[in-house]
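Written below as structure tokens is the structure these notes are about.
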Amino acid sequence: MTQKEILIEESMERLDLVLARKFPGDFSRTRIKEMIAGGMVLVNGKSVKPHYLVKKGDRVILEVVERENVDTRGEDIPLEILYEDEDLLAVNKPAGMVVHPAYGNFEHTLVNALIHHTRHQLSSLGGTVRPGIVHRLDKDTSGVIVAAKNDFTHRSLAKQFKAHSLTKVYEAVVKGVVQHDELKCEEAVGRAFLNRKKIIVKPSGGKDALTFFRVLERLKGATYLEARPETGRTHQIRVHLASLGHPVLGDPLYGGFSPLINRHALHAKSLEITHPRTQKRLRFSSKLPEDMKQLLIALRR
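Numbering of the sequence shown is given in my numbering, commencing with residue 8 and proceeding in unit increments.
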């Protein structure tokens, strides 16, 4: 990772526009927005939004992952394919697998496996680092993820995610006994200033987020829940549950440390979409992984 630094000479112009003009051959405007949203761009030492209006004298630092040196190659990694046709495929991602190459994880990712499996037949809208990737799951979240084989499918699925016209269902085991059968959390969330890997509830300046929860089973000191996120913010389910006082077990980042499981107990159970070409409604499902099954068995004793 390298740093680029500039001193702003203009005033009252959007940050993303200024950076797009300063680095025309290095980054697209979309990539610049991603970097700003991901906390890789600091203004006077602080994170801001892409529409931040710069002021003369602002000191801007960009942290840049050297992507041009990344050779994203196919790897013969076993995949559990839930569905596949000429336009898309759905995969049951195991916990511990990173979705796409990024700083610190340039190999053994889902993208590497998809490139090998499809023989490079993936959409190009994600660039050479994220071909076919329309949405993501955290490294330690298991479950259903869909990938696009062409740009037509990618655009259609991206619109569905943006419009919240698809249905996502997760299962989680959380700390403490949840008293109400159903819960709703609509706290806005955003990246923490001091720990860029952590997302926090941000009533002011955060992004809108909405998650519905339903109790599946009450256990000894824990609860087995179903979660239906209406929005797709980073760490949304984990942050919302922590804000309700019930962090996901095995999630020390948000207060859910547990000796009973080696990762956070969150599983993307199903995803329902409208097929871009046939317009038929499709639902992909995956069973609860073995480590979460064993966690439930231990908690039932």
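Ideal Cβ positions, reconstructed from N, Cα and C, are used throughout, including at glycine.
What whole-angstrom Cβ distance do residue i and residue j have, given they're in contact under 8 Å?
i, j, result
"residue 156", "residue 95", "6 Å"
"residue 140", "residue 118", "7 Å"
"residue 274", "residue 177", "6 Å"
"residue 257", "residue 272", "5 Å"
What number of angstroms, rounded off, separates the C-alpha of residue i from the C-alpha of residue j?
i, j, result
"residue 269", "residue 259", "10 Å"
"residue 106", "residue 100", "8 Å"
"residue 234", "residue 15", "44 Å"
"residue 48", "residue 225", "43 Å"
"residue 75", "residue 303", "With a pLDDT of 44 at residue 75, under the threshold of 50, the modelled position of that residue is not reliable, and the figure given next carries that caveat. Looking at the two C-alpha atoms, the distance is approximately 44 Å."
"residue 56", "residue 67", "13 Å"
"residue 237", "residue 217", "5 Å"
"residue 199", "residue 53", "11 Å"
"residue 79", "residue 189", "43 Å"
"residue 60", "residue 12", "17 Å"
"residue 169", "residue 144", "16 Å"
"residue 232", "residue 31", "47 Å"
"residue 126", "residue 81", "8 Å"
"residue 307", "residue 294", "19 Å"
"residue 223", "residue 187", "11 Å"
"residue 164", "residue 287", "13 Å"
"residue 185", "residue 70", "41 Å"
"residue 43", "residue 37", "10 Å"
Helix, strand or coil: how does DSSP classify residue i here?
i, result
"residue 75", "For residue 75, the predicted structure reports a pLDDT of 44, less than 50, and the residue's modelled location is therefore unreliable. A value from the coordinates is still provided. Helix at residue 75."
"residue 268", "coil"
"residue 223", "strand"
"residue 58", "coil"
"residue 163", "helix"
"residue 320", "Limits of the chain in this structure are 8 at one end and 308 at the other, which puts residue 320 out of reach."
"residue 243", "helix"
"residue 277", "strand"
"residue 206", "strand"
"residue 308", "coil"
"residue 298", "helix"
Can you tell me which of the options puts its alpha carbon nearest to the alpha carbon of residue i?
i, options, result
"residue 17", "123, 85, 63 and 10", "63"
"residue 228", "162, 144, 305 and 58", "305"
"residue 91", "124, 60 and 104", "124"
"residue 46", "202, 161 and 104", "202"
"residue 210", "220, 247, 281 and 179", "247"
"residue 114", "132, 129 and 136", "136"
"residue 300", "36, 179 and 138", "179"
"residue 193", "278, 173, 19 and 239", "239"
Please confirm if residue i has its CB atom under 8 Å from at least one CB of chain D.
i, result
"residue 228", "Absence of chain D from the displayed structure is noted, only one protein chain being present."
Residue ranges of each alpha helix (DSSP H) run of no fewer than 4 residues wholly in the region 92-150, ordered along the chain?
-> 117-125
Could you give the uninterrupted runs of the alpha helix (DSSP H) lying entirely in the region 17-41, keeping only those of 4 residues or more?
-> 22-29
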